[in-house]
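Engineer: Numbering (UniProt numbering), first residue to last: 1 to 259. Note that the Cβ used here is the ideal one computed from N, Cα and C, for glycine as well. Note that the structure is predicted; figures quoted are calculated from it, not measured.
#1: Which whole-angstrom value describes the C-beta separation of residue 188 and residue 11, a residue pair presumed to lie in contact below a C-beta threshold of 8 angstroms?
#2: For the alpha helix (DSSP H) containing residue 167, list its first residue and its last residue.
#3: Taking the straight line between their C-alpha atoms, what separation do you get for residue 216 and residue 183?
#4: Enumerated in chain order, which unbroken segments of the alpha helix (DSSP H) with a length of 4 residues or greater are wholly contained in the segment 38 to 86?
#5: Buried or exposed, going by whether 16 or more other CB atoms sit within 10 Å of the CB of residue 126?
#6: Going by DSSP in three states, residue 105 sits in which element: helix, strand or coil?
#7: Here's the rule: buried if 16 or more other CB atoms are within 10 angstroms of the residue's CB, otherwise exposed. What is residue 135?
#8: Note the first and the last residue of the continuous beta strand (DSSP E) segment covering residue 145.
#9: Please state the DSSP three-state secondary structure of residue 26.
#10: Taking the alpha carbon of residue 178 as the point to measure from, which residue in 168, 185 and 186 has its own alpha carbon closest?
#11: Could you say which of 222, 243, 252 and 120 lies nearest to residue 229 if we only look at CA atoms?
#12: Starting from residue 9, trace the beta strand (DSSP E) in both directions and tell me its first and last residue.
#13: Whose C-beta lies closer than 6 angstroms to the C-beta of residue 180 among residues of the same chain, with five residues either side of it excluded?
#14: Is residue 1 helix, strand or coil by DSSP?
#15: I'd like to confirm the pairing. Which residues does DSSP put opposite residue 218 in its beta bridges?
#16: Could you give the first and the last residue of the continuous alpha helix (DSSP H) run that contains residue 191?
#17: What are the boundary residues of the beta strand (DSSP E) that includes residue 247?
#18: Evaluate residue 103 with the Cβ neighbour count: other Cβ atoms within 10 Å of its Cβ, from every protein chain shown; 16 or more gives buried, anything less gives exposed.
#19: Leaving out five residues on either side along the sequence, give the residues of the same chain with a beta carbon under 7 angstroms from the beta carbon of residue 140.
#20: Kindly list the residues whose CB is nearer than 6 angstroms to the CB of residue 162, restricted to its own chain and excluding five residues on each side of it in sequence; keep chain order.
#21: Starting from the C-beta of residue 249, find all residues in its chain whose C-beta is less than 7 angstroms away, skip the five residues before and the five after it, and write them out in chain order.
#22: Would DSSP call residue 226 helix, strand or coil?
#23: How about residue 47 and residue 213: do their beta carbons lie closer than 9 angstroms?
#24: Which of the three DSSP states is assigned to residue 114 in this structure?
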């Protein structure tokens, strides 16, 4: 790997890096505490658009992770920022929950099913056939199609659940229109996060547990990439990809002394 500048800011995925199956990853509370004490800018990233940063802050706090609300960056926030940049003060028909609708309201968007500028698809616990049908008809009538993230499935205690990527595929099949995905692995997600904390790619590290989203996204945004083995991708699986992380560590516990 080429020599890089010392890390001055950090981006980290949440699930599989800081928490796993509802429990903190060993060393994660200490890592977050060290990050906060260092004064270096950091963000916790998630493709999940269901929750607001305040919701996520509370969920993390219950697991002993003291992450400020302003240090959480979701695909919902990235999507709202993208739409505000593209078409300020626009309108959108939204399939999603509070994390997405709150983010869109915050940037001045109006939520409407009357000739909206966009159909915005996010994560929800209960996808409605009626809402999906409405989205298909609006896209057929000319609404632009945006999806917060391409994840095909999401985890639950009972097993995999269909996620935004799967529902987007169904809508695309019905309309012939592919969505623009804002969340990881789109480097747009990473660039918007960097801008939020006024960080530079050459001195920022991205920590993730998935080669196909976190590491790919960080790589394409020009960041140092660190794969941890506490989530999805194993060391063996990482070798199968045509790209590589800057390095692989067992967990964020191995990074505490570097902060």
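Structural biologist: Straight from the coordinates:
#1: Here residue 188 refers to the residue found at position 188 of the chain shown. Here residue 11 refers to the residue found at position 11 of the chain shown. With 8 angstroms as the limit, residue 188 and residue 11 do not qualify as a contact, their Cβ atoms being about 14 angstroms apart.
#2: One-based indexing of the chain shown puts residue 167 at position 167. Run containing residue 167: 164 to 175, per the alpha helix (DSSP H) assignment.
#3: Residue 216 sits at position 216 when you count from the first residue of the chain shown. Residue 183 sits at position 183 when you count from the first residue of the chain shown. Their backbone Cα atoms lie some 12 angstroms apart in a straight line.
#4: Whole alpha helix (DSSP H) segments, 4+ residues: 53 to 62 and 75 to 86.
#5: Along the chain shown, one-based indexing puts residue 126 at 126. Exposed, because fewer than 16 other Cβ atoms sit within 10 Å of the Cβ of residue 126.
#6: Taking the chain shown and counting its residues from 1, one reaches residue 105 at position 105. Residue 105: helix per DSSP, three-state reduction.
#7: Your numbering for residue 135 matches position 135 in the chain shown. Buried, because 16 or more other Cβ atoms sit within 10 Å of the Cβ of residue 135.
#8: Residue mapping note: residue 145 aligns to position 145 of the chain shown, counting from 1. 144 to 147 is the extent of the beta strand (DSSP E) around residue 145.
#9: On the chain shown, position 26 is the one that residue 26 refers to. Looking at residue 26 - three-state DSSP - the assignment turns out to be coil, as it is neither helix nor strand.
#10: Numbered from 1 along the chain shown, position 178 holds the residue referred to as residue 178. With respect to the C-alpha of residue 178, the residue from 168, 185 and 186 having the closest C-alpha is 168.
#11: Residue mapping note: residue 229 aligns to position 229 of the chain shown, counting from 1. Here the closest residue by C-alpha is 252.
#12: What you label residue 9 is simply residue 9 of the chain shown in a count that begins at 1. Element bounds for residue 9: 9 to 13.
#13: Indexing the chain shown from 1 puts residue 180 at position 180. Hits under 6 angstroms: 146.
#14: As a working mapping, residue 1 is identified with position 1 in the chain shown. Because residue 1 carries a pLDDT of 49, less than 50, the predicted location of this residue cannot be relied on, and the following value inherits that uncertainty. Three-state result, residue 1: coil.
#15: Reading the chain shown from its first residue, position 218 is the one you call residue 218. Per DSSP, residue 218 has no beta bridge partner at all.
#16: Against the chain shown, residue 191 aligns to sequence position 191. First-last of the alpha helix (DSSP H) with residue 191: 187 to 196.
#17: Counting from 1 along the chain shown, the entry for residue 247 is found at position 247. For residue 247, the uninterrupted beta strand (DSSP E) run begins and ends at 247 to 249, by DSSP.
#18: Working through the chain shown from its first residue, we reach residue 103 at position 103. Residue 103 is buried by the Cβ-count criterion.
#19: As a working mapping, residue 140 is identified with position 140 in the chain shown. For residue 140, where only same-chain residues beyond five positions count, the Cβ hits under 7 angstroms are 175.
#20: As a working mapping, residue 162 is identified with position 162 in the chain shown. Within the same chain, no Cβ atom closer than 6 angstroms to the Cβ of residue 162 is found once the five residues on either side in sequence are excluded.
#21: Within the chain shown, residue 249 is the residue found at index 249, counting from 1. Only 226, 228 and 255 meet the Cβ criterion.
#22: Here residue 226 is taken as the residue at index 226 of the chain shown, counted from 1. Residue 226: strand per DSSP, three-state reduction.
#23: Locating residue 47 in the chain shown gives position 47, counting from the first residue. Locating residue 213 in the chain shown gives position 213, counting from the first residue. Their beta carbons are under 9 angstroms apart, which means residue 47 touches residue 213 by this criterion.
#24: The residue labelled residue 114 in the question sits at position 114 within the chain shown. It is coil, neither helix nor strand.
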